[in-house]
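Trainee:
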Ligand code: Q46
Ligand code: ZN
Ligand code: ZN
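Residue numbers (this note's numbering): 115 to 435.
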């Protein structure tokens with residue numbers, strides 16, 4: 115297989131794009147694609163301040179590398195979840211994120227949930243009784259809350275996440291099977307900010323997971339290979355496997371599914387089910403919430419404090435940056 119641009123030996127063949135490229139041309143092609151989507155979906159500009167959600171995985175580290183290569187002003191935020199303490203998942207992913215930032219001269223902010231608030235995510239899941247003891251619900255709540263707070267406190271214009279096409283189509287499939295109209299209406303490459311919520315963007319929404327793996331390997335980026343242990347057996351992973359099979363049989367299926375979804379959305383297919391929840395500032399922390407009075411995050415930590423005295427009396431006033 116030869117590179118379509120120079121005729122040298124290709125290192126990657128992307129059947130979905132009918133394109134094979136050598137190392138040099140691939141490492142130039144992928145950032146160009148990312149930049150094209152950043153501009154197409156009006157995600158952010160070169161003069162804006164970007165907060166990159168860093169997990170230590172290939173997508174976030176690879177994207178951070180691409181943003182730097184493209185000249186964007188992106189600082190990272192790593193949230194320590196306290197998953198599998200000791201030499202476990204969180205410790206390794208944090209170490210890799212810090213090493214990456216240091217090597218590339220990038221600023222990485224770290225918010226360790228246990229250090230700041232006195233309990234890890236797995237502990238929170240058990241004590242707070244959210245999500246039937248499974249940590250993903252409290253994990254999501256804390257990540258959404260903390261990213262937004264750091265973005266606002268640090269005057270960032272946009273929060274950027276490393277969700278790739280495989281992530282997006284797995285969620286899309288799940289939402290389609292459930293006809294979850296509200297979720298379908300909200301799934302987009304960029305969510306505008308406002309009412310105390312920072313803008314959110316996914317520059318990899320049209321980039322295959324395999325393309326990110328290849329980018330990191332060819333760039334020599336060290337990332338955590340393991341998935342979070344709590345992701346095991348999730349429906350998202352099941353849908354990813356199904357979609358991989360479809361992609362093998364018919365290259366381009368994932369991209370076609372996602373792009374045609376965005377077109378349908380643009381044509382107004384989900385307009386009638388758009389979430390019109392009115393947000394107001396939480397009485398305690400000031401972060402936007404649709405619940406009356408205090409937000410779910412403040413209420414959750416109150417419940418946890420009844421059991422764990424290490425939790426501060428006013429978690430909302432602990433400074434993050
Ligand atoms: S939500 Fe669940 Fe993930 Fe949190 S506990 Fe792990 S699998 S990291 S994206
Ligand atoms: Zn080439
Ligand atoms: Zn609150």
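Virtual Cβ for every residue (Gly too), placed ideally from N, Cα, C.
Alpha carbon to alpha carbon, how far is residue 413 from residue 354? Give it in angstroms, no decimals.
Mentor: Numbered from its first residue, the chain shown carries residue 354 at position 240. Numbered from its first residue, the chain shown carries residue 413 at position 299. Answer to the nearest angstrom: the Cα atoms are 34 Å apart.
Trainee: Extract the residue ranges of the beta strand (DSSP E) inside the stretch 187-263, only unbroken runs of 3 or more that lie entirely within it.
Mentor: Listed in chain order, they are 187-194 and 222-226.
Trainee: On the DSSP bridge list, what partners appear for residue 157?
Mentor: Along the chain shown, one-based indexing puts residue 157 at 43. Partner(s): none; residue 157 has no beta bridge.
Trainee: Under the three-state reduction of DSSP, which class applies to residue 296: helix, strand or coil?
Mentor: In the chain shown, residue 296 corresponds to position 182, counting from 1. It is helical.
Trainee: Using 8 Å as the Cβ pair cut-off and three pairs as the minimum, do the stretch 397-404 and the stretch 189-199 touch?
Mentor: No, the stretch 397-404 does not touch the stretch 189-199.
Trainee: Alpha carbon to alpha carbon, what distance is there between residue 126 and residue 134?
Mentor: The residue labelled residue 134 in the question sits at position 20 within the chain shown. The residue labelled residue 126 in the question sits at position 12 within the chain shown. In a straight line, the C-alpha of residue 134 is about 6 Å away from that of residue 126.
Trainee: Give the C-beta separation of residue 424 and residue 232 to the nearest angstrom, bearing in mind that I take them to be a contact with Cβ-Cβ under 8 Å.
Mentor: By 1-based counting over the chain shown, the position of residue 424 is 310. By 1-based counting over the chain shown, the position of residue 232 is 118. That pair is a contact at about 3 Å.
Trainee: Contact between the stretch 353-368 and the stretch 376-386: three or more CB pairs below 8 Å?
Mentor: Short answer: they don't touch.
Trainee: What do you get for residue 291, buried or exposed, if any count of 16 or more other CB atoms within 10 angstroms of its CB means buried?
Mentor: Within the chain shown, the letter at position 177 stands for residue 291. Exposed: under 16 other Cβ atoms inside 10 Å.
Trainee: Tell me the residue span of the alpha helix (DSSP H) that contains residue 166.
Mentor: What you label residue 166 is simply residue 52 of the chain shown in a count that begins at 1. Taken as a continuous stretch (DSSP letters only), residue 166 belongs to no alpha helix (DSSP H), being part of the beta strand (DSSP E) at 163-168.
Trainee: Determine the extent of the alpha helix (DSSP H) in which residue 118 is found, giving its start and end residues.
Mentor: For this step, residue 118 is matched to residue 4 along the chain shown. Residue 118 -> no alpha helix (DSSP H), and no H or E assigned at all.
Trainee: Nearest-angstrom Cα distance between residue 349 and residue 336?
Mentor: Mapped onto the chain shown, residue 349 falls at position 235. Mapped onto the chain shown, residue 336 falls at position 222. So the two alpha carbons sit approximately 28 Å from each other.
Trainee: Quick check: the stretch 235-245 against the stretch 271-289, are at least 3 beta-carbon pairs closer than 8 Å?
Mentor: No, the stretch 271-289 does not touch the stretch 235-245.
Trainee: Anyone know if the C-beta pair for residue 248 and residue 344 falls short of 8 Å?
Mentor: On the chain shown, residue 248 is found 134 positions in, with the first residue counted as 1. On the chain shown, residue 344 is found 230 positions in, with the first residue counted as 1. Against a cut-off of 8 Å, the Cβ pair of residue 344 and residue 248 comes out as a contact.
Trainee: Nearest-angstrom Cα distance between residue 333 and residue 166?
Mentor: The sequence position of residue 333 within the chain shown is 219, counting from 1. The sequence position of residue 166 within the chain shown is 52, counting from 1. When rounded, the distance between both Cα atoms is 19 Å.
Trainee: So, does the stretch 253-271 touch the stretch 156-163, judging by three or more C-beta pairs under 8 Å?
Mentor: Result yes; three or more Cβ-Cβ pairs closer than 8 Å.
Trainee: Indicate, with yes or no, if ligand 1 has a heavy atom lying under 7 Å from the CB of residue 120.
Mentor: Along the chain shown, read from residue 1 onward, the residue named residue 120 stands at position 6. No - ligand 1 has no heavy atom lying nearer than 7 Å to the Cβ of residue 120.
Trainee: Whole angstroms are fine: how far does the CA of residue 419 sit from the CA of residue 427?
Mentor: Translated into the one-based positions of the chain shown, residue 427 becomes position 313. Translated into the one-based positions of the chain shown, residue 419 becomes position 305. So the two alpha carbons sit approximately 8 Å from each other.
Trainee: Going by C-alpha distance, which of 261, 319, 347 and 221 is nearest residue 311?
Mentor: Taking the first residue of the chain shown as 1, we reach residue 311 at position 197. Taking only the C-alpha atoms, the option nearest residue 311 is 261.
Trainee: Quick one: what does DSSP say residue 127 is sitting in, helix, strand or coil?
Mentor: Within the chain shown, numbered from 1, the residue matching residue 127 stands at position 13. In this structure, residue 127 counts as strand in the three-state DSSP scheme.
Trainee: DSSP three-state call for residue 303: helix, strand or coil?
Mentor: By one-based count along the chain shown, residue 303 stands at place 189. Coil at residue 303, not helix or strand.
Trainee: Shortest alpha-carbon distance to residue 396 belongs to which of 389, 405 and 319?
Mentor: Taking the chain shown and counting its residues from 1, one reaches residue 396 at position 282. Nearest of 389, 405 and 319 to residue 396, Cα basis: 405.
Trainee: Where do the ends of the beta strand (DSSP E) carrying residue 419 lie?
Mentor: Along the chain shown, read from residue 1 onward, the residue named residue 419 stands at position 305. Here residue 419 belongs to no beta strand (DSSP E); instead the alpha helix (DSSP H) covers 410-421.
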